[in-house]
Amino acid sequence: MGIIRLYEICPEAEKAGTQNAVVTGVTDNTAEVKQGSIFVCVKGARFDGHSAAAEMLSKGAVMIVTDHDIKCGKQLVTDNTRLCLARLLNSFYGKPSEKLGLLAVTGTNGKTTTAHFVKHILTTLGKKCGCIGTAGNDTCSGKLKPSQHGTPTVPRATVLYSWLGEMVSNGADYCVMEASSQALDQYRIGDERIAVAGFTNLTRDHLDYHGTMENYFQAKRRVFTMCKTAVINIDDEYGKRLAQEFSDIAVTYSTEGNADYHAEFIRMNATGCSYMLVNEREKTACRVDMNMTGLYNVQNSLCAIAMVTALGFDMTECAKALSDLDGVDGRMNVVYRGDFTVITDYAHTDDALIKVLSTLKPLTKGRLICVFGAAGDRDKEKRPMMAKAAEDNADILVITSDNPAHENPDEIIREVMTGISGKKPCRCITDRREAIAYALDTARKDDVIILCGKGHETYQIIGDEYLPFSEKEIVKDIMKRKEN
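Right under this line is the structure:
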């Protein structure tokens, strides 16, 4: 990549030099700069890359990208350095975004499951599909790249585009990614042309970052300005708003009817669900059988089937593909089954708790015991809301730590407790392992214990440390000792 290509990639930039140096990398990380690098100055919450521009030139950077004139001969001035970073990276890696069919799933809850459904359908239909998201990243290399400790849903742009490049090299046809609100707000996905974007729902979360629900919505909304087809859940109020605004590209879905794709005759039991999928546009219908339960999974499957069908695949074949999918890591996973059952799930918002608990309650012969906590360094106002959701839908509550991070875990629990009315038995145990042990000791025949908040995570964040913490292994260890 010659430096002259910078102005082709960022046409809005102010041309400040004509050097033809060979570019060896593109980064916004000062630690990654080497001879031949393009350094993009990004202003973050704790550090402004502009302050390191001179030092990066001395390390061998051949171009500095800035958002204002820093009196440097090797500078490229643009009004959005984050967007410019994504464009430069896409070009540096051979424009993989133009060689892959890109699909994106956004929403508060259901992104991981829906993306997993999309990947499974496409793979079953004979296509190579990469995946980027919370539960792991697949570049079609034959080996999953697990999400690293502290890695966001969508990685840094420098990592994301290198993975997209890997997918192309590995022969991928498609890539489905979870499009988080922060990633969209920070232009980690740039302004790529997305074939199909899906919307699951929008409920309170991440207000520690966005401040207001409207800001949160606007961040999510951005992905629909980048896509050819928008698959939208109109059971959700924000989804109805999106469907109206993007009516020319919208394909709607619903579990309540009056949508392009809707579910009828929904049947659920403890191990799965089935329904009749109706396509109002094509006047066709087919049966869907899944080994996962919950109305929210009916919605997730509707979204996934509609997204893949929008690519030109047959709806019935898409539906059939879901019949042999056993589950998604960290989402309603049974980790112990005996006299009672233990399930882990990633539910970490009040809406997610309501959906998971209201699904399990009618399927539970005994008592439903909910172990949960609230994450530290996150939106504090949702803590009592989570408590109310749990108390309204479970029989016994065990409130404990999630990822306390830099907050006092006891103080987090006190804030959660402000949402408890006292109508259900409730125990506060700060140590999460001890809380799980208490729930296992409390359980009786036919009870169901649901461990909420950790899901696929195998660590617990305390301060700056990521300490090993696998709920699956903890339950296995405790039950082994009890049974011996």
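In the UniProt record's numbering, the protein residues as written are 1 to 484. No residue lacks a Cβ here, since even glycine has one placed at the ideal position from N, Cα and C.
By a beta-carbon distance limit of 8 Å, Val26 does not contact Val42. Their separation comes to about 12 Å. At the C-beta level, Met226 and Ile194 come within 7 Å of one another. Leu363 places its beta carbon less than 7 Å from that of Ala270. Taking a contact to require three or more Cβ pairs closer than 8 Å, the region 94 to 108 and the region 192 to 210 qualify as touching.
A direct Cα-Cα distance of roughly 8 Å separates His68 from Asp79. The continuous beta strand (DSSP E) containing Val398 extends over residues Ile396 to Ile399.
Val23 carries a coil assignment under DSSP once its states are collapsed to helix, strand and coil. In terms of CA proximity to Leu76, Ala53 leads the group Lys59, Gly60, Ala53 and Phe92.
In this structure, Asn291 keeps its C-beta atom at 7 Å or more from the C-beta atom of Met315. Each residue's CA atom was taken as its position, placing Asn300 and Cys72 some 50 Å apart.
Within the model, the alpha-carbon separation for Gly107 versus Ser58 is close to 43 Å.
Cα atoms of Gln35 and Ile64: separation of roughly 13 Å, rounded to the nearest angstrom.
Taking one beta carbon from each stretch, the region 308 to 326 and the region 113 to 125 have 3 or more pairs nearer than 8 Å; the two touch. If only complete runs of 4 or more residues are kept, the region 343 to 398 shows the alpha helix (DSSP H) at 350 to 360 and 382 to 393, in order along the chain. A direct Cα-to-Cα measurement between Thr203 and Gly327 gives close to 24 Å. Listed in chain order, the non-local C-beta contacts of Leu83 below 7 Å within the same chain comprise Tyr187, Gly190 and Asp191, local neighbours out to five positions each way being set aside.
For the region 53 to 99, the continuous beta strand (DSSP E) assignments of 3+ residues that do not extend past its boundaries occur at 63 to 66 and 75 to 77, in sequence order. Segment contact: the region 315 to 324 against the region 425 to 439, fewer than three CB-CB distances shorter than 8 Å; contact not assigned. Annotated three-state conformation of Val251 is strand, per DSSP. Per DSSP, the unbroken alpha helix (DSSP H) holding Cys303 starts and ends at Leu295 to Ala310. Cα atoms of His456 and Ala259: separation of roughly 33 Å, rounded to the nearest angstrom.
By the Cβ neighbour-count rule, Gly463 is exposed, with fewer than 16 other Cβ atoms within 10 Å of its own.
Put simply, the backbone Cα of Asp185 is about 50 Å away from that of Glu483. DSSP places Gly130 in the uninterrupted beta strand (DSSP E) bounded by Cys129 to Ile132.
If you draw a straight line from the Cα of Gly294 to the Cα of Thr341, it is about 17 Å long. The Cβ neighbour count for Glu407, taken over all protein chains shown within 10 Å, is at least 16; the residue is labelled buried. Cβ contact annotation for Cys175 (same chain, cutoff 8 Å, sequence separation greater than five): Leu100, Gly101, Leu102, Leu103, Cys129, Gly130, Cys131, Ile132, Leu164 and Met167, in chain order.
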